[in-house]
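**Q**
Residue numbers (our numbering): 60 to 286.
As structure tokens, then:
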């Protein structure tokens with residue numbers, strides 16, 4: 060299944076090539092060319108995996124990795140370090156900082172894609188699974204169908220996208236802005252309160268036969284899928 064990936068790399072030819080190949084595989088890709096921009100964007104987008112260059116013009120990839128691992132909301136995001144440093148000591152330093160994998164430049168695009176897929180499957184199986192469960196809720200991503208206690212729930216396309224997104228990271232609270240960015244995409248003007256309308260429709264559809272509400276509203280913060 061497609062995943063939300065984030066590239067932190069200051070060499071635009073590498074960004075362009077990576078973005079092309081990753082999007083060709085169906086993934087959604089965002090990027091930043093420096094550390095400060097990356098840290099702000101990663102907090103907003105909460106990607107499924109980060110491709111992080113070691114050498115950046117402002118903050119090093121190592122420092123970014125350390126910062127992310129200290130953040131309770133972002134610490135579990137898988138990170139693949141991209142670097143020209145190939146010595147064993149450098150690799151060990153990367154792993155000790157919290158990187159999950161390490162690719163030395165120049166690298167094969169096929170190898171990188173294989174590593175991205177393998178790491179997603181290992182660290183975030185809910186992102187790549189064709190069918191995913193949360194309590195008595197089931198989302199079939201292949202047939203685009205949703206079930207509650209084995210009974211099919213009829214959803215519109217937007218409501219399906221929302222529940223599919225929320226079930227990938229249960230219990231994680233997403234702001235309206237984050238939901239709009241991930242569901243509608245960037246550079247598309249949609250009122251933030253629009254998400255409230257779709258959440259109400261989603262609640263009404265999945266809370267069948269007196270079932271408990273699986274969508275939690277967090278005042279002044281957003282929504283999460285939470286039993």
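For every residue, glycine included, the Cβ atom is placed at its ideal position computed from N, Cα and C.
Apart from the five residues just before and just after residue 275, which ones in its own chain have a Cβ nearer than 6 Å to its Cβ?
**A** Cβ within range, chain order: 283, 285.
**Q** In whole angstroms, what separates the C-alpha of residue 101 from that of residue 69?
**A** Approximately 16 Å, taken between the alpha carbons.
**Q** Does DSSP put residue 192 in a helix, in a strand, or in coil?
**A** Residue state, collapsed to three classes: strand.
**Q** Give every residue of the same chain whose Cβ lies closer than 7 Å to the Cβ of residue 254, excluding the five residues on either side of it in the sequence, and list them in chain order.
**A** Cβ within range, chain order: 235, 238, 239.
**Q** Leaving out the 5 sequence neighbours to the left and right, which residues in its chain are closer than 8 Å to residue 82 when beta-carbon positions are compared?
**A** Taken in chain order, the residues that qualify are 88.
**Q** Under 8 Å Cβ to Cβ from residue 136, same chain only, skipping five residues before and after it: list those, please.
**A** So the list reads 101, 105, 106, 107, 108, 109, 127, once near-sequence residues are dropped.
**Q** Alpha carbon to alpha carbon, how far is residue 265 from residue 159?
**A** C-alpha separation (whole angstroms): 36 Å.
**Q** Buried or exposed: which applies to residue 267, given that a residue is buried once 16 or more other Cβ atoms fall within 10 Å of its Cβ?
**A** Result: exposed.
**Q** Contact check, residue 261 vs residue 226 under 8 Å by CB: the rounded distance?
**A** Not really, about 11 Å apart at Cβ, beyond 8 Å.
**Q** I'd like to confirm the pairing. Which residues does DSSP put opposite residue 67 in its beta bridges?
**A** Answer is 91, 111.
**Q** Roughly how far, in whole angstroms, is the beta-carbon of residue 123 from the beta-carbon of residue 97, given that I think they are within contact range, below 8 Å?
**A** So it is a contact: roughly 6 Å between Cβ atoms.
**Q** For residue 72 and residue 92, what's the separation of their Cα atoms in angstroms?
**A** One C-alpha to the other measures close to 11 Å.
**Q** On the DSSP bridge assignment, give the partners of residue 197 in chain order.
**A** The partner list for residue 197 (beta bridge, DSSP) reads 192, 206.
**Q** Let me know if residue 154 comes out buried or exposed under the rule of 16 or more other beta-carbons within 10 Å of its beta-carbon.
**A** So residue 154 ends up on the exposed side.
**Q** Could you tell me the alpha carbon to alpha carbon distance between residue 258 and residue 161, rounded to whole angstroms?
**A** Between residue 258 and residue 161, the C-alpha separation is close to 39 Å.
**Q** How about residue 232 and residue 280: are their beta carbons less than 8 Å apart?
**A** In contact: residue 232 and residue 280 (Cβ atoms closer than 8 Å).
**Q** Who are the Cβ neighbours of residue 61 in its own chain at under 7 Å, not counting the five residues just before and after it?
**A** For residue 61, where only same-chain residues beyond five positions count, the Cβ hits under 7 Å are 85, 86, 87.
**Q** Nearest CA to the CA of residue 196: which residue from 77, 212, 188, 189?
**A** The option with the nearest alpha carbon to residue 196 is 212.
**Q** Which residues in the same chain have their Cβ closer than 6 Å to the Cβ of residue 168, if we skip the five residues on either side of it in sequence?
**A** Taken in chain order, the residues that qualify are 80.
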